[in-house]
Amino acid sequence: MKYMLLINAGTVDANGAAAECEVQEWMDYDKAVRDAGIWVSGESLADLVTATTVRVGPDGERSVVDGPFAETREVLGGFYVIDVPDLDVALNWAARCPGARGSGSVVVRPVADFGA
Amino acid sequence: MQEQAPGTGRAVESVFREEHGRLLASLVRRFGDLELAEEVASEAIEAALVHWPVQGVPARPGAWLLTTARRKAVDRLRRDQAYAARLAVLQVDADRSAPAPPADAGADLPDERLQLFFTCAHPALPSEARGALMLRCLAGLTTPEVARAYLVPPPTMAQRIVRAKKKIREARIPFRVPGADELPERLPGVLQVLYSVFTEGYAASSGPDLQRPDLAEEAIRLTRILRRLLPTEREVTGLLALMLLVHARRAARTGPDGELVLLEDQDRGRWDRTMIAEGLTLVAAALTGGPPGPYGVQAAIAALHDEAADLATTDWPQIVALYDVLVSLTPSPVIALNRAVAVAMCDGPEAGLALLDELAGEEPLRDYHPYHAARADLLRRLGRLAEASTAYRRALELAGTEPERAHLRRRLSTSGSPAPNGAVDT
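The listed protein sequences derive, respectively, from chains U and E.
This note's numbering puts the first residue of the first sequence at 1, with every later residue one more than the last.
This note's numbering puts the first residue of the second sequence at 1001, with every later residue one more than the last.
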């Protein structure tokens, strides 16, 4: 069963980069996920100032705007998709993630299975 | 289980209630799917309703129900191959993580209910669904019964339960007993659900009935089951002791017209001595062999009340000392409030009032009617009647049940100044 771990940074600096970030901890965590054989995919997202939002109106017109900005309390900073037997195992991996500590949080969402 | 004469409907019914949780747990373990387990469990019970009145209740009713239900599940899976394929995957995962069921010599079915306790109380489920699921899956109540117990319309309760079951299935909340390393983190959640079912029954938060003994008794029944499954967990024993020691006062807690009777005015002759005796034995066990847990300490406080002949001879210094332990284990404004009331009994209303006034700024107490009622009582005892009236009125605005409001109105009318007519519309 696949779960996505959405890693939210609670506080970001002026550039929209996560304030609390220990590189070594993240490298250790990433290695642990891969060594456990549960890694499906995962990315760390670039700072929020680089984000751009696209919307398409009812007549097909495209609107492109800078942002969003770090007005919301939590900013998505990266994700993992892991393949584990059940929610408890997924929650344990989320709890080990450095992004779950301090003002950060990790949202665990099952990946929808359309019976492929 | 005894051999029953044919046609004894009541016996059949009680068998179902007792066997439902066990049956469901065994089926969930085998098929890894709550939906299928519930479906075939009720089909098996329907089959029993047809056969047992004619042929008599079988010697091992649980085994009969399980065999019948399993056969129906296998039929269902043969008909629906896609469903079967999905469950086969689940089953492999479940087998990998499921420990062996605890041995239970006295029963005709292995007891696999512990996993269901942990699933129903899983922290990933909404808190208002956890108690309902437990009553549904483990106590064998129907959804309309659960709805009545919680005073919500049946469709609301049905939706709540359906949503929780959908999350169990789709997020794959496992049916498993947490390992020894996880137990300290997960067990308090299970106990909290049981205690909330109990308190919901003991002091209904709204509606005309102060007590709905069914919920309190269901909570006790479920906690007894949990204690049989986890006999060495002292907090489970502590919780059962607490429930029994509080529930023993149920008959004295309401007057002839359903009005609330406070501890100080209760006819202690109406307390259930058998239940108290059982609670006292359990509380001793809960407090032996290690540091005390919060339920054990609360049970010890309840025990001191139950053992006292009246309010004056109650061991208040010991109660204050126990509240000190409780505050250190689980600091909360509500516990601090109870401690202040005990201090007032021990050292006089002035000392208690000083503590209550220190708590005045605490967020959860501002709208908590017992806080204002306790303050009002102390002010009344100090002869500060105008202030007492104000506090009684505030409590009255916040009180949830009609018996509680009636009690506060009586207190208000005896505290000197009558309620202003039409001045405040509350």
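Glycine included, each C-beta is placed from N, C-alpha and C at the ideal position.
Remember, it's a predicted structure, so these values are computed and weren't measured experimentally.
Could you work out which residue in A1069/E, R1076/E, V1177/E and D1080/E is closest to A1121/E when comparing CA atoms only? V1177/E
Among residues of its own chain, excluding the 5 on either side of T1156/E, which ones have a beta-carbon nearer than 8 Å to its beta-carbon? A1147
Going by Cα to Cα distance, which pick from P1403/E, V1054/E, Q1055/E and D1377/E is closest to L1412/E? When C-alpha distances from L1412/E are compared across P1403/E, V1054/E, Q1055/E and D1377/E, the shortest belongs to D1377/E.
Residues within the stretch 92–110 of chain U neighbouring chain E, beta-carbon criterion of under 9 Å: N92, V108, R109 and P110
When the Cα of A1374/E is compared with those of V1190/E, A1340/E, E1362/E and A1406/E, which residue comes out closest? Relative to the Cα of A1374/E, the nearest Cα in the group V1190/E, A1340/E, E1362/E and A1406/E belongs to A1340/E.
If you draw a straight line from the alpha carbon of H1020/E to that of R1079/E, how long is it in whole angstroms? 25 Å
What's the call for N92/U, buried or exposed, on a 16-neighbour Cβ count within 10 Å? exposed
Quick check on V1261/E: does DSSP put it in helix, strand or coil? Reduced to three states, the DSSP call for V1261/E is coil.
For W1271/E, which of helix, strand or coil comes out of DSSP? coil
To the nearest angstrom, how far is it from the Cα of S1196/E to the Cα of L1036/E? 28 Å
Hey, would you say A1084/E sits closer than 8 Å to L1077/E, going by beta carbons? yes
Closer than 8 Å, CB to CB, is R1172/E near chain U or not? yes
Taking C-beta to C-beta, are G1238/E and Y1295/E nearer than 8 Å? yes
First through last residue of the beta strand (DSSP E) which encompasses L5/U: K2 to A9
If you compare alpha carbons, which of G1255/E, R1380/E, V1236/E and R1221/E is closest to A1285/E? Check the Cα spacing between A1285/E and each of G1255/E, R1380/E, V1236/E and R1221/E: the tightest is with V1236/E.
Which stretch, first to last residue, makes up the alpha helix (DSSP H) that contains D1357/E? P1349 to E1358
V1131/E (DSSP reduced to helix, strand or coil): Strictly speaking, residue 1131/E in this sequence is Gly, with Val absent from that position. Of the three classes helix, strand and coil, the one that applies to G1131/E here is helix, per DSSP.
Is P110/U helix, strand or coil when you go by DSSP? strand
Alpha carbon of R1405/E to alpha carbon of A1399/E, nearest angstrom: Cα to Cα, the separation comes out at about 6 Å.
Nearest-angstrom beta carbon gap, Y3/U and V108/U [assumed within contact, 8 Å]: Indeed, because the Cβ distance is near 6 Å, the residues count as touching under 8 Å.
Per the DSSP calculation, S44/U is bridged to which residue(s)? G78/U
Whole-angstrom C-beta distance between C97/U and L5/U, which should lie under 8 Å: 6 Å
Do you know how far the Cα of R1224/E is from the Cα of L1191/E? 12 Å
Measure the Cβ-Cβ separation of G42/U and V81/U and say whether it is below 8 Å. yes
R1176/E by DSSP, collapsed to three states: which one? coil
Could you spell out where the beta strand (DSSP E) holding R55/U opens and where it closes? T52 to V56
What residues of chain U sit near A1124/E, judged by a beta carbon separation below 8 Å? L87 and L91, listed in chain order.
Mind listing the chain E neighbours of M1/U? Cutoff is C-beta to C-beta under 7 Å, in chain order. In chain order: R1172.
What are the complete alpha helix (DSSP H) segments, minimum 4 residues, inside the stretch 1143–1173 of chain E? 1143–1150 and 1154–1170
Is it buried or exposed, S1389/E, if we count other Cβ atoms within 10 angstroms and call 16 or more buried? Buried, since its Cβ has 16 or more Cβ neighbours within 10 Å.
Please classify D66/U: does DSSP put it in a helix, a strand, or coil? strand
Three or more C-beta pairs under 8 Å: does that hold for the stretch 1051–1058 of chain E against the stretch 1016–1031 of chain E? no
For L1322/E, collect the residues of the same chain with a Cβ closer than 6 Å to its Cβ; drop the 5 residues on either side in sequence, then sort them by chain order. V1297, A1300 and I1301
Looking at chain E, is there any beta carbon in it that lies within less than 8 Å of the beta carbon of L6/U? no
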